[in-house]
Each structure stands twice: as C-alpha cells, then as structure tokens.
Amino acid sequence: MTLNQRITPWDRWLRKTGITGADGWFLHVLLVALLGLLAARLSILWATPLELGPDEAQYWFWSKTPAFGYFSKPPMIAWVIGLTSSLCGDAEPCVRMGAPLIHALTALGVYVLARTLYDPQIALWAGLTFALLPGVSLSSLLITTDVPLLLFWVWALVATVHLLERFSWSWAAVWGLAVGLGLLAKYAMAYVFAGVFLAALLTQTPWRQLLRLDWLLGVGIAFALLAPNVIWNIQNGFATVRHTASNANWQAETLFNIGKLLEFVGGQFALLGPIIAGLFVAGLVWGWYRRGPHSQLRADMVLLAFSLPVLIVVTTQAFISRANANWAAVALVPICVLVAAWAWRLGYQRWLLAGIGLNALLGAIVAVMAVSPAAVAALNRHNDVKRLRGWSELGTQIMVRADRGGFSAVLSDDREDMGSLLYYGRASRVEVRSFVPATGPNYEYHLSRPLAAMSDGRVLLVTRQGDVSAITARFARAEKLESLTVSLGGNKTRTVHLYALEAPFTPAWRP
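The following block contains the structure:
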C-alpha cells in the first residue's frame, strides 16, 4: 500500500470482519451485481402497468389491520408490506418493493453460506446463481410469502453450519431469530428442524451435541417468537393451521396423479432454469465419484440435508395429490450453493456460466413482459398475466356505481374480487363486505369483513356466479342491475354481475 492510497470506511469494515484479499474482491463483485439488479428491478416496479393480483391485494389489506395471524398465512408478509407502505405509500410499487430488496439480502446470505462452507469464488457464483434464478426474477416483481421466508431460511442455514462446528451463544441467537421469524413468514420454515437432525446424522455429529445449551437457546428464541401466532390460532380455531393442512387435499378421487407430478418437476426446472437444474441432477449422479476433500463432502452433506428431503416430501405430495412449484422454494438456497460447488469440482464451470447467462436472459424477458403489453401480445402470453390485469378498471366502475346508487355497502362472495375491491376501491367511502356462506368461513375476509345483520339499507352485490339464490334469499328484495366485463388481453375477459339487495338481511352463518 502506498502512502497516498486512501483507506475508505468500506475498507475498514472489511478488515474488521476479516474479509480481505480475494474475499474482498469477490464480495465487491457480488455487491455491485446485486445493486445493479436491485436498481433494475425497482425501476421495473415503477414502470409496469401490471396491477396487484388477488393475493397481493389481500396481503396489503392485512397490512392495514396488523395482527399476529391471518386465516391463510402467518403475519410476516403483512408486516413487510406495512413497512414499505409506511415509507412510500400504498401504490403498487410501494406494496411490492420489499420483494427485490429482500431477495438482494438473501443473495448476500447465499454468498455467506457458500463462503462458510467452501471458498470465496464458489460463494460469488452461488450468490449470482440465486440472484438470477428465473423464479427469483419473477418473484422480485411480486410480493409473496416466499420472499421473507427465503431470507430467514438462508441465515438459519448459516447459523446451523456454525453450530454444528462449535458452541456459540451468538450463532444460537441468530438461529433462533431466523427460525422464529421464518415461521412467522411461512410454516414451511419447519423443514429446518428435520434439516438440522439430518445434517447432524450425515456429518456424524454426536446427537448429544444437539442438546447443548446454545441449541436449546436457539429453539427457545424461535418458539418465543412464534408464540403470539400460536395464541392467535388458538383464539381463531387454528384457522391458519387448518388452511395449511387443507392444501394437501388428500381426497380419494384425487390421489396418485402422474400429471401433477410431472407438472411439479417441470416447475422446479422453470424456477431454477433448465441448465442450473440439469447441473444439480448431474451433481447428484456424478458428484459421488469426485467427492473432493473430507471438508467438501461434509459441506455437501449439510446442503443436501436441507434440500433433498424438501424435494422428496413435496414431490411425493405432488404425486399423491398436487403441489405448487413454490412449495419447495426453500430448497433453492442450498441447491444454488451445491450447483456452484459441484460445477467447479467437476469441471462444469462453462455450463454454470451458461446457466447463469440463460437465466439472466429469461429474467430480461420477464422484465420486458412486465413493462410492455405489446411484448405480452407478441409472445401470446396473455394467460400468464391475466390475474394482474383488469382489477383497477373493474373496481373503479363498481365503486362509482356504489357511490352514485346510494348503497351502504358493496357485498362480494369471492375472495379474489374482495381483495381487489378493497385495494382499488380504497378511495371510496362505501364499505366492502364479504358474504359468509352457511358452511362458515373459508378465507380471511369471512373473519374480518363479514356483512352483519341489517334492518334497513341497500347493498350492491358483486358476483361471478350465475345462481345467487343462496345470497338473495337472505334479503327482503333482490334486483339484477347489469353485468360488467373487462378485457384482460387477447380474447380473455373477466365478468361480474351486479345486484341491488334491500334489507332486512339475516346472515347465513353466525359465529
């Protein structure tokens, strides 16, 4: 170092953390790449005409009613949206901006995980692999529960690696915080417990090590953080737990479905990108013949403990009934690290670079489609974006009619319509309420926005159903007003029917 060379605060921080030389260079490269991606993805959020989908609108509504639990999900997603909305408002980009920000932090966590297990070069490529996954590129433009889940998952894995090596109060605290907050993001975080036990088994860690006081501290912190959500579930009839269990859909008429199995496997190739997914499969087959040093084999075992069981469980679920592609999302983190490590060990570096390059191209295509309706039309991908179109136009038309018609409330019998009416009708003074069927609550709005008994007044019913007798029978008088249809692009449309309903009204279900 010359006398004239300036030492920056960044250099001082790197020295304090022990990140010097090659470590510092690789980390610099990753940070520059992540900042560039973050800037691009935030710009896309402000440029896209795509509207909030029904799930996003529902999460936004939750953010306006803070709680420790909701009907279908734990509360973390609502807290994230509440934070970003408090910073810049309720516009679509503000609701979604947590996604690219959190994914950038997760990619940094992937770097730390790979650096802890292998070396800085593999860490760089693992971080880039994750940041450019097609699934991450798409997820960065939407706000979903998987976004915060993956952040807490990767840091739980980092802490696990350290705790398997040595006693540490600090890493136990990190583990407990990551697991507890992860469970508040999505119950899929529970896979971490099986992963820890399997990692200990595969690395021949004595079982008594898992009973150390630092591990017990971590578990205690995790369950202390989860406790408010458990209490909320108890107070609400275990609504979230029952909803999560019902997703399994193990009904006799739906069991054993090869088509759903192939659909799920195809979904994993889509989330990872075809080349990266192929490298993972190749590593599973050929990695055993070129295992490398014992330390690398031990690292492989830890990552496999947190990826293969998840894939096996969800693939089995897909075969028995069905499974969405994102149900195994937590496996993406260890897979990215394994693929980078195996590619360097097996001499597949060019394939790894090709996979990252292809994924970057796919991400660019997603970005162009997000900002250009003309590109969607040219590629004939209207079906891919139909759930993100038409809500604003439809919601505006409905709320204008409700305002002008002197209705005391807008009544919906559909979860998707309900969320979009609440979001895109938020400027109206007319309340939006949900009709609860006689069978009882099926989603969040049935619990938080039911239409109560009325002795007088008029309600505007919005429905997609042809037969609404189960609803109109609860009112004194019903009159069909009109049907509204909006275009979703191509030949796709969304139609709702409007009815004027007059009180008195008696609810079909009472708590």
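According to the numbering used here, the sequence shown is numbered sequentially starting from -19. Each residue gets a CB set at the ideal place from its N, CA and C atoms; glycine is no exception. All values reported here derive from a predicted model rather than from experimental measurement.
Subject >> 8 Å CB neighbourhood of Thr185 in its chain, flanking five on each side removed >> reply: Leu144, Ala179
Original post:
Can at least three beta-carbon pairs, one atom from the stretch 432 to 452 and one from the stretch 387 to 396, be found at a separation below 8 Å?
Top reply: yes
Subject >> 7 Å Cβ shell around Ile201 - same chain, five flanking residues per side excluded >> reply: Ala153, Gly156, Leu157, Gly160
Subject >> Continuous beta strand (DSSP E) stretch holding Val442: start and end >> reply: 438 to 443
Original post:
From Trp266 to Asp194, what distance separates their C-alpha atoms?
Top reply: 37 Å
Original post:
Ends of the beta strand (DSSP E) at Ser463?
Top reply: 455 to 469
Original post:
Should Trp149 go down as buried or exposed, given a rule of 16 or more other Cβ atoms within 10 Å for buried?
Top reply: exposed
Original post:
Whose C-beta lies closer than 6 Å to the C-beta of Ala94 among residues of the same chain, with five residues either side of it excluded?
Top reply: Ile102, Ala103, Ala106, Val317
**OP:** Kindly indicate which residue of Pro208, Phe455, Leu108, Trp42 has the alpha-carbon position closest to the one of Arg429.
**Re:** Trp42
**OP:** Report yes or no: do three or more beta-carbon pairs, one from the stretch 282 to 296 and one from the stretch 235 to 245, lie closer than 8 Å?
**Re:** yes
**OP:** Please classify Ala321: is it buried, with 16 or more other beta-carbons within 10 angstroms of its beta-carbon, or exposed?
**Re:** buried
Subject >> Local Cβ density within 10 Å of Leu481, reported as buried at 16 or more and exposed below that >> reply: buried
Original post:
Can you name the start and end residues of the alpha helix (DSSP H) that Ala152 belongs to?
Top reply: 149 to 165
Original post:
How many Å lie between Ala232 and Thr419 at the Cα?
Top reply: In this prediction, Ala232 scores a pLDDT of 48, lower than 50, which makes its location untrustworthy; the coordinate-derived value is nonetheless stated afterwards. Between Ala232 and Thr419, the C-alpha separation is close to 22 Å.
**OP:** Measuring alpha carbon to alpha carbon, tell me which of Ala37, Asp126, Thr28, Ala13 ends up nearest Gly375.
**Re:** Ala37
Original post:
Smallest Cα separation from Gly405: which of Glu459, Ala71, Ala450?
Top reply: Ala71
Subject >> Assigned secondary structure, Arg367 (DSSP; H/G/I helix, E/B strand, else coil) >> reply: helix
Original post:
Where does Ala480 fall in DSSP's three states?
Top reply: strand
Original post:
Run through DSSP, which three-state label would Thr475 get?
Top reply: strand
Original post:
From Ala34 to Thr465, what does the alpha carbon distance come to, in whole angstroms?
Top reply: The sequence given here has Pro at residue 34, not Ala. Cα-Cα distance, rounded: 18 Å.
Original post:
From Gly246 to Asp436, what does the alpha carbon distance come to, in whole angstroms?
Top reply: 54 Å
Original post:
For Tyr50, which residues of its own chain have a beta-carbon under 6 Å away from its beta-carbon, when the five flanking residues on both sides are left out?
Top reply: Trp42, Glu424
Original post:
Between Asp364 and Lys472, what straight-line distance do the alpha-carbon atoms span, to the nearest angstrom?
Top reply: 11 Å
Original post:
Distance, Cα to Cα, Gly89 vs Ser414?
Top reply: 41 Å
**OP:** Quick one: grab the DSSP three-state call for Leu391.
**Re:** strand
Subject >> Enclosing alpha helix (DSSP H) for Arg413 [first to last residue] >> reply: First-last for Arg413: 411 to 414, but that is the beta strand (DSSP E), not the alpha helix (DSSP H).
Original post:
Given a threshold of 16 other Cβ atoms within 10 Å of its Cβ, counted over all protein chains shown, does Leu251 qualify as buried or as exposed?
Top reply: buried
Original post:
Taking one C-beta from the stretch 336 to 344 and one from the stretch 365 to 373 each time, how about it: are there three or more such pairs within less than 8 Å?
Top reply: no
**OP:** Take the Cβ of Asp447 as the centre, count every other Cβ of all protein chains shown within 10 Å, and call the residue buried at 16 or more, exposed below.
**Re:** exposed
Original post:
When you compare only the Cα positions, how much space is there between Leu284 and Thr452?
Top reply: 56 Å
Subject >> Whole runs of the alpha helix (DSSP H) within the stretch 99 to 146, excluding any shorter than 4 residues >> reply: 100 to 111, 114 to 119, 126 to 145
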